[in-house]
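I have placed the structure first, in the form of structure tokens, so that the comments after it can refer back to it.
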Amino acid sequence: MKQLLAVLWLVVAPWTSAADFTEGKHYKTLTTPASATPEVVEYFSFYCPACFRFEPLASDLKQELPDDVFHRIHVDFLYYVDSKSRTRLPETALMLSKALAMAQAFDIEQEVSASIFERHFIARDKTKELGQLQADFADHGVTTERFMAAYDSFSINSKARLMQQATRNHNIRSVPTVVVNGRYEVIPNGLSGSKNIAEEYKKLVQYLLALPAE
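As numbered in mature numbering (1 follows the signal peptide of the UniProt record, and there is no 0), residues -18 to -1, 1 to 196 make up the sequence shown, in order.
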């Protein structure tokens, strides 16, 4: 049923004609296999200020697309770096990937993501230890015991590893990056001259969803 809704959405959604979007300017075709079903994947990091600014558009995409089409993957190449001592904590990237996987499993992804982003870029308190994430989840009803049980579980560790694998398979080097149907990567700079970049971005995603798998 959800696959049928996805197809119907692609048919009725108003999108700009193919002539308005150009490969190499607005998107590039990847060598990775096409996804079996329609999907829009945002690669991002909670440590990325541009990803924080992208959140409203990401939220719009998720709401406007059919269920189970929009997904997010947390990358592992950005992590906590102390602004004064320059001490690096690369393990924090995995901590946050697991936090995203847990939030998705608990069906509180939007709420937890907002808490982490706001703490990082409004309160300026970036994640450097697990206790900060425990507090974020506690704000949304997850006890410390439940948090730790999930954090150490096989399923959450597996999901975090799959995020790492997808990041490498699609050669993601910067964030936020959006990949459509496993084959098409959006080039945001191609929309820089648009009067309404957010709307044009969404039209571009719709257009890429409708492209045939190659």
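Virtual Cβ for every residue (Gly too), placed ideally from N, Cα, C. Computed from a predicted model, the values in this text were never measured in an experiment.
Q: For the beta strand (DSSP E) containing Y29, list its first residue and its last residue.
A: Neither: Y29 is in no beta strand (DSSP E) and is coded neither H nor E.
Q: Could you check what DSSP says for S187 in three-state terms: helix, strand or coil?
A: Contrary to the premise, residue 187 reads as Val rather than Ser in this sequence. Correct three-state label for V187: helix.
(Q) Quick check: H122 and I90, are their CB atoms within less than 8 Å of each other? (A) yes
Q | Residue nearest to Y25 in terms of C-alpha spacing, selected from A16, N178, E37 | A | E37
Q: Taking L144 as the reference, give the member of L82, A105, R106, L186 with the closest Cα.
A: L82
Q: Compute the Euclidean distance between the alpha carbons of L76 and F99, then round it to the nearest angstrom.
A: 16 Å
Q | Per-residue burial, Q188 [other beta carbons within 10 Å of its own, 16 or more giving buried] | A | buried
(Q) Taking the beta strand (DSSP E) that H53 belongs to, which residues open and close that run? (A) 52 to 56
Q: Mind checking which residues open and close the alpha helix (DSSP H) that includes K80?
A: 73 to 87
Q | Pairwise C-alpha distance: L43 and P194 | A | 20 Å
Q | Simplified DSSP assignment, three categories, for T11 | A | strand
Q: Would you kindly check if the distance between the Cβ of V22 and the Cβ of V157 is under 8 Å?
A: no
**Q.** Best match in E5, T4, K10 for proximity to I154 [C-alpha to C-alpha]
**A.** K10
Q.
Considering Cα atoms alone, identify which of Q146, S41, A87, S137 is closest to F119.
A. A87
**Q.** For S27 and V57, believed in contact at Cβ under 8 Å, the rounded distance
**A.** 5 Å
Q: Kindly identify the DSSP beta-bridge partner or partners of E5.
A: Y9
**Q.** CA-to-CA distance, K184 to L12, given in whole angstroms
**A.** 20 Å
Q: Using the Cα positions of Q45 and D64, report the straight-line distance between them to the nearest angstrom.
A: 36 Å
Q) First and last residue of the beta strand (DSSP E) that includes Y166? A) 166 to 168
Q) Under three-state DSSP, which class holds L(-9)? A) Residue confidence for L(-9) is low, a pLDDT of 43 falling below 50, so the modelled location carries little weight and cannot support an answer.
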